[in-house]
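Novice: First the structure, then my questions, so here it is.
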Amino acid sequence: MSQTSHTLAAGGDNPRPAGGVQGPQRRLRLAAYPSLLAMPALLLLIAAMGYPLLTVTLRSFSDPAWGMQNYVWFFSTPVNVTVLWRTFSIAAWVTIVCVIAAYPYAYLMTAVGPRMRLVLILCVLVPFWVSGVVRTLAWVILLQDSGIINSLIRLLGFDSVKLIRTQTGVVIGMAQVLLPFMILPLYSVMRGIDLRLVQAARSLGARPSLAFLQIYLPLSLPGVFAGAIIVFILSLGFYITPALLGGPRSTMLSTLVQSQVLSLLNWGRGGAMGVVLLVATFMLLALAAPLMRQRHKQASRS
Amino acid sequence: MAASNSKERGAAIDIKAATKRYGKFTALDDVSLHIEPGEFMTLLGPSGSGKTTTLNVVAGFTDLTSGDLAVGGKSIVALPAHKRNIGVVFQHYALFPHMTVGKNVAYPLALRGMDKQARDRHVARALDMVKMADFAHRYPAELSGGQQQRVALARAIVFDPPLLLMDEPLGALDKKLREWLQLEIKRIHRELGTTFVYVTHDQEEALVLSDRIAVFNQGRIEQVGTGRQLYDEPATLFVAKFIGESTSLRGDAQTSGGETSLTIAGQKVVAGGKLASGQKPVVLLRPEKLSLARTNTPPAAGQNSLTGHVSEAIYLGSGSKYQVTLGDGSVAIVRATLEATPFSIGDRVDLRWSVVDAKLLADDDRADMTMT
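If you read the protein sequences in the order shown, they are chains A and B.
Under the UniProt record's numbering, the first residue of the first sequence carries the number 1, and numbering increases by one thereafter.
Under the UniProt record's numbering, the first residue of the second sequence carries the number 1, and numbering increases by one thereafter.
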């Protein structure tokens with residue numbers, strides 16, 4: 001049957017030549033394989049992330065001999081566990097400070113006019129363009145015992161506060177460096193919240209603080225979560241800021257990894273530390289995942 | 001919502017000399033309006049005419065620069081929006097996307113501290129009234145625009161407000177759905193007896209829904225009245241042009257013996273009415289008051305007649321619509337229901353009307369500017 005129709009079409013009065021129909025299908029068309037669009041990024045990730053990660057993981061099990069000895073060492077050395085715990089606690093503090101500082105700022109960005117908004121965005125982005133090392137060194141100057149902050153505190157008649165080489169100093173420095181990662185996702189979510197919803201809540205009898213808590217805040221939470229996860233994960237791997245602003249009592253895991261790998265050339269133990277951090281991060285993300293899921297779609301502002 | 005059909009449930013509204021300025025721009029200019037308890041009042045006007053500002057002032061979203069506002073005889077100017085107990089339905093529904101339909105409708109009741117059982121009962125009744133009872137567990141994003149607007153209406157009436165404000169609630173819906181929901185809103189208004197204030201720029205919608213209509217233009221009220229009053233007795237040229245179709249004829253005025261006559265394209269017509277001196281006259285004619293006649297037939301007594309030619313003829317089924325271009329280039333719209341021999345384009349015809357059917361108004365260039 002198909003044979004007959006084929007010959008009919010080919011020999012009959014079909015105006016289009018068969019080759020003309022098939023031609024474009026033979027050629028490789030980008031539209032037919034949208035996954036090709038991800039190829040450059042995928043190749044880069046495989047080369048720059050996948051391969052090194054695989055090597056590090058392998059070495060953590062095989063260096064100097066096959067087995068779990070690097071992991072046994074990690075968890076049986078109290079300093080390592082303390083530092084792992086401290087890393088997560090500093091990351092959590094940085095995240096909290098960022099949320100508190102970024103939320104009103106991002107809200108202000110949605111509330112002001114276009115010109116003021118540009119100024120606010122620039123205030124976020126300009127420090128972003130300055131190297132992290134330079135900014136951290138600036139914090140060294142600000143935070144040191146004879147620095148501007150302590151001079152001000154003494155001028156006001158208080159006792160000076162130890163900031164440099166403390167956990168507080170590390171949190172302050174890291175929060176400043178990471179703030180844009182919190183402000184930008186928050187702003188993008190808040191910009192999509194229809195402010196008439198708050199008006200509607202007011203007309204239904206909610207005083208302004210309730211309207212904020214019951215309507216605006218829940219709708220902005222996806223932005224808070226998105227920013228918090230970015231900031232938290234970036235904090236876990238921070239190296240320069242804790243190294244320059246912190247002391248021995250605020251060492252983070254990345255510093256330990258650095259000393260294992262670069263100073264002691266012990267790739268196995270360094271790798272095991274990296275893997276532990278990675279697995280712990282994944283576990284935390286899995287716990288946070290239900291928070292991120294939303295049943296509703298964001299109402300669009302038209 | 002317990003007792004229906006009692007007109008005492010609605011509150012009277014008094015807007016007194018309300019003025020709102022934003023810098024140099026005056027959004028509301030000395031607006032006064034009285035709305036009867038249980039009345040369906042529509043604020044009609046083009047965008048930027050002040051109708052939405054008026055609504056926002058009543059809702060408490062916008063403060064007045066000067067003037068007073070009373071609901072049920074008590075001034076509410078100093079009350080914040082959340083203490084006014086006024087239902088508001090917004091153009092874009094403004095349902096809370098993170099709450100189900102049931103939670104949305106229960107929200108104002110929860111704020112008033114109503115217990116769960118009574119809340120459920122009220123929510124069920126309100127959703128029943130808008131025919132959305134089966135959707136209580138859905139999220140707003142899972143509903144169509146018309147369904148969302150019905151839920152928004154249920155949420156605005158569930159707490160029994162004495163006054164319901166609606167800001168172009170059907171503006172985002174297609175025509176068929178809009179017409180059906182108009183009838184639904186009319187039914188709900190009848191059942192509740194609440195005072196409704198409805199904002200729209202659609203004159204047809206205003207005529208379908210309202211007991212009375214307030215026509216807004218440039219921050220002022222041009223006229224308040226029933227649809228029939230506005231159509232038959234427009235106070236200004238703006239109102240005449242905003243409501244329904246009309247033909248306006250302009251010409252040189254002469255007054256002799258207490259009667260004003262106009263010379264239009266070299267032909268004299270009786271204007272039927274008087275204007276204050278200094279005002280330029282316009283003769284306003286509704287399409288169904290005009291008739292066409294062959295030029296060789298004499299006009300009846302009390303009829304005006306102007307000669308022109310048919311420039312457009314449209315068959316409408318129930319009748320025909322003609323455009324007649326006069327000698328001075330002005331165009332008249334005529335609706336004819338019955339005719340033995342229809343006119344065709346290019347025919348020389350007489351445009352005729354009874355003097356009593358014409359309305360003499362003062363010319364006003366604002367009327368044309370705002371219509372574009």
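Even glycine gets a Cβ: it sits at the ideal position worked out from N, Cα and C.
What residues in the stretch 96 to 114 of chain B bring their beta carbon closer than 7 Å to a beta carbon of chain A?
Specialist: From the stretch 96 to 114 of chain B, only Phe96, Pro97, His98, Tyr107, Pro108, Leu111 and Arg112 have a Cβ closer than 7 Å to chain A.
Novice: Buried or exposed: where does Cys123 (chain A) fall if 16 or more other Cβ atoms within 10 Å of its Cβ makes it buried?
Specialist: Cys123 (chain A) is exposed by the Cβ-count criterion.
Novice: Could you give the DSSP three-state label for His34 (chain B): helix, strand or coil?
Specialist: In this structure, His34 (chain B) counts as strand in the three-state DSSP scheme.
Novice: Would Arg86 (chain A) be called buried (16 or more neighbouring beta carbons within 10 Å of its own) or exposed?
Specialist: By the 10 Å Cβ count, Arg86 (chain A) comes out buried.
Novice: Between Ile86 (chain B) and Leu173 (chain B), is the Cβ-Cβ spacing less than 8 Å?
Specialist: Taking 8 Å as the Cβ cut-off, Ile86 (chain B) and Leu173 (chain B) do not qualify as a contacting pair.
Novice: Taking Cβ-Cβ distances shorter than 8 Å, what residues in chain A pair up with Phe242 (chain B)?
Specialist: Neighbours of Phe242 (chain B) on chain A: none; closest Cβ ~26 Å, over 8 Å.
Novice: Comparing the C-beta of Gly23 (chain A) with each C-beta of chain B, is any distance below 8 Å?
Specialist: Its pLDDT being 48, under 50, Gly23 (chain A) is placed unreliably in this model, and the coordinates cannot settle the point.
Novice: Between which two residues does the beta strand (DSSP E) containing Val88 (chain B) stretch?
Specialist: Taken as a continuous stretch (DSSP letters only), the beta strand (DSSP E) holding Val88 (chain B) covers Gly87 to Val89.
Novice: Say whether the stretch 51 to 59 of chain A touches the stretch 264 to 276 of chain A, bearing in mind that this needs 3 or more beta-carbon pairs closer than 8 Å, one atom from each stretch.
Specialist: The stretch 51 to 59 of chain A, when compared against the stretch 264 to 276 of chain A, does touch it at the 8 Å Cβ threshold.
Novice: By how many angstroms is the C-alpha of Gln214 (chain A) removed from the C-alpha of Gln91 (chain B)?
Specialist: When rounded, the distance between both Cα atoms is 22 Å.
Novice: Taking 8 Å as the CB-CB limit, is Ala226 (chain A) close to chain B?
Specialist: Chain B contact via Cβ: absent.
Novice: Is there at least one Cβ from chain B nearer than 8 Å to Pro218 (chain A)'s Cβ?
Specialist: Taking Cβ atoms only, chain B reaches closer than 8 Å to Pro218 (chain A), which makes this a yes.
Novice: So, is the C-beta of Ser209 (chain A) closer than 8 Å to a C-beta in chain B?
Specialist: It does not: the Cβ of Ser209 (chain A) has no partner Cβ on chain B nearer than 8 Å.
Novice: Determine whether the beta carbon atoms of Leu111 (chain B) and Gly237 (chain A) lie at a separation below 8 Å.
Specialist: The answer is no: Cβ separation not under 8 Å.
Novice: Report the option in B:Gly219, B:Arg187 and B:Pro80 whose CA atom is closest to the CA atom of Ser32 (chain B).
Specialist: Selected option, being the one with the closest Cα: B:Gly219.
Novice: Ordered along the chain, which non-local residues of its own chain (more than five positions away) have a Cβ less than 6 Å from that of Arg165 (chain A)?
Specialist: Gly247, listed in sequence order.
Novice: Pull out every residue of the stretch 183 to 197 of chain A whose Cβ sits closer than 8 Å to any Cβ of chain B, in chain order.
Specialist: Those residues of the stretch 183 to 197 of chain A that come within reach of chain B (Cβ to Cβ, closer than 8 Å) are Asp194, Arg196 and Leu197.
Novice: What's the C-alpha gap between Val239 (chain B) and Val356 (chain B)?
Specialist: Going by the C-alpha atoms only, they are around 19 Å apart.
Novice: Any beta carbon of chain A sitting closer than 8 Å to that of Val88 (chain B)?
Specialist: So yes, Val88 (chain B) belongs to the interface.
Novice: Check each residue of the stretch 52 to 63 of chain B: if its Cβ is closer than 7 Å to any Cβ of chain A, include it; give the result in chain order.
Specialist: Correct list: Ala59 and Phe61.
Novice: Going by DSSP, name the residue or residues bridged to Val349 (chain B).
Specialist: Looking at the DSSP assignment, Val349 (chain B) forms a beta bridge with B:Arg294 and B:Gly308.
Novice: Any chance the stretch 253 to 265 of chain A sits against the stretch 223 to 239 of chain A, with 3 or more Cβ pairs inside 8 Å?
Specialist: The stretch 253 to 265 of chain A vs the stretch 223 to 239 of chain A: in contact.
Novice: Given that Ala81 (chain B) touches chain A, what residues does it touch there, using C-beta distances under 7 Å?
Specialist: Result: Arg202 and Ser203.
Novice: In this structure, how does DSSP classify Pro281 (chain B) when only helix, strand and coil are distinguished?
Specialist: Pro281 (chain B): strand per DSSP, three-state reduction.
Novice: Can you pull the chain B neighbours of Ala206 (chain A), defined as C-beta to C-beta under 7 Å?
Specialist: Ordered by position in chain B, the residues that pass the 7 Å Cβ test against Ala206 (chain A) are His82 and Leu111.
Novice: Using a cut-off of 9 Å between C-beta atoms, extract the partners of Arg155 (chain B) located in chain A.
Specialist: Near Arg155 (chain B) (Cβ distances below 9 Å), the residues of chain A are Ala200 and Leu204.
Novice: Expressed to the nearest angstrom, what Euclidean distance is found between the alpha-carbon atoms of residue 303 (chain A) and Tyr51 (chain A)?
Specialist: Outside the shown range of chain A, which is 1 to 302, sits residue 303 (chain A), and nothing can be said about it.
Novice: Tell me which residues share the same chain as Ser47 (chain B) and place their Cβ nearer than 7 Å to its Cβ, disregarding the 5 neighbours each side in the sequence.
Specialist: Taken in chain order, the residues that qualify are His201.
Novice: Find the residues of chain A that neighbour Ala70 (chain B), judging by a C-beta separation of less than 7 Å, and give them in chain order.
Specialist: Per Cβ cutoff of 7 Å: no residues; Ala70 (chain B) is ~18 Å from chain A at best.
Novice: Is there a C-beta anywhere in chain B that falls below 8 Å from the one on Ile90 (chain A)?
Specialist: Chain B contact via Cβ: absent.
Novice: Let's see if you can read the secondary structure: which residues bound the alpha helix (DSSP H) around Phe238 (chain B)?
Specialist: Residues Leu237 to Phe242.
Novice: When you compare each of B:Ile213, B:Glu205, B:Ala362 and B:Val215 to Lys274 (chain B) by their alpha carbons, which one comes out closest?
Specialist: Nearest C-alpha to Lys274 (chain B): B:Ala362.
Novice: Using a C-beta to C-beta distance shorter than 7 Å, which residues of chain B count as neighbours of Ile215 (chain A)?
Specialist: In chain order: Phe96.
Novice: Using a Cβ-Cβ distance cut-off of 8 Å, determine whether His137 (chain B) contacts chain A.
Specialist: Not one chain A Cβ lies under 8 Å of His137 (chain B).
Novice: Among all the DSSP beta bridges, which residues are the ones paired with Met41 (chain B)?
Specialist: In DSSP, Met41 (chain B) forms a bridge with B:Val197 and B:Arg212.
Novice: In three-state terms, what does DSSP make of Gly67 (chain B)?
Specialist: In the structure shown, Gly67 (chain B) sits in a strand (DSSP, three-state: E or B).
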